[in-house]
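Shown next, in structure tokens, is the structure this report addresses.
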Amino acid sequence: MSNSISARTLGVSLLALSLLGASACAAPNTSVTVKVQRPAKEAPKGDGFLEHLRRYCGQAFEGELVKDEPASSAADWGGNRLVMHVQHCSPDEIRVPFHVGTNRSRTWIVRRDGHRLELRHDHRHEDGSPDAITLYGGFSIDEDSDPTNVRRFPADADTVAMMPKVATNVWTMSFGDETFVYQLQRKEEGRIFRASFDLSKPVTPPPLPWGYEKD
Numbered sequence: 007m008s009n010s011i012s013a014r015t016l017g018v019s020l021l022a023l024s025l026l027g028a029s030a031c032a033a034p035n036t037s038v039t040v041k042v043q044r045p046a047k048e049a050p051k052g053d054g055f056l057e058h059l060r061r062y063c064g065q066a067f068e069g070e071l072v073k074d075e076p077a078s079s080a081a082d083w084g085g086n087r088l089v090m091h092v093q094h095c096s097p098d099e100i101r102v103p104f105h106v107g108t109n110r111s112r113t114w115i116v117r118r119d120g121h122r123l124e125l126r127h128d129h130r131h132e133d134g135s136p137d138a139i140t141l142y143g144g145f146s147i148d149e150d151s152d153p154t155n156v157r158r159f160p161a162d163a164d165t166v167a168m169m170p171k172v173a174t175n176v177w178t179m180s181f182g183d184e185t186f187v188y189q190l191q192r193k194e195e196g197r198i199f200r201a202s203f204d205l206s207k208p209v210t211p212p213p214l215p216w217g218y219e220k221d
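To convert, count from 1 in the sequence shown and add 6; that's our numbering.
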């Protein structure tokens, strides 16, 4: 009799344990999933003003002289066709020849320098040799990642050493909805030069600038 009770008790115990195990397995999962907030990735190198300019690589655009005060003494400004040509694009440098009539002596060079941009004006003679005054410009005071479409380049020390009278020069490049504007301003003398180019109407690219024909 006692053996029968023991067996029955053991069976009940095993059944209870079995039910307890099943209950534990069926219990709802109350664990909390923690989502790790990862820092946002840095903007890929190349964002900003330089990339905006790069969109037009290979294209040329006609412009007009909007302001020239006091009037330039250079005879080739008046009445000549103005064309900018986004001619050469590498990952960190874009060259934009600026043609005035048949004069192909001018090229704007915009290159990346860390988180800022550098602007240089490359002036060549017709035989390709550098002009006595060339590669002047400066570094932007706006970081290239800045979302604005304006970059200002005050004259740097090398430029001032080359041409002391331009110590207060500030060159500006900017994008409008369908325009690109190049401006030079020298406030102390009231000097301002501004040319605006229509980006909505590409024109036939002109010949390569002097000194770059074999580029």
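Every residue, glycine too, gets a C-beta built ideally from N, C-alpha and C.
Remark: C-beta atoms of Ser151 and His121 approach each other more closely than 9 Å.
Judged by DSSP in its simplified three-state form, Asp119 adopts strand.
Listed in chain order, the non-local C-beta contacts of Glu75 below 6 Å within the same chain comprise Ile198, local neighbours out to five positions each way being set aside.
Taking a C-beta distance under 9 Å as the contact criterion, Ser111 and His131 qualify as a contact pair.
Just measuring C-alpha positions, the residue of Val89, Ala201, Arg117, Leu141 sitting nearest Met169 is Leu141.
Nearest neighbour of Glu219 by Cα position, chosen from Gly84, Thr113, Pro97, Glu99, turns out to be Thr113. Spatial neighbours of Tyr62 in its own chain (CB-CB distance under 7 Å, excluding positions within 5 residues in sequence) are listed in chain order as Val92, Leu205. The alpha-carbon of Ser135 is positioned some 18 Å away from that of Val102.
Straight-line measurement puts the Cα of Glu149 at about 12 Å from the Cα of Arg117.
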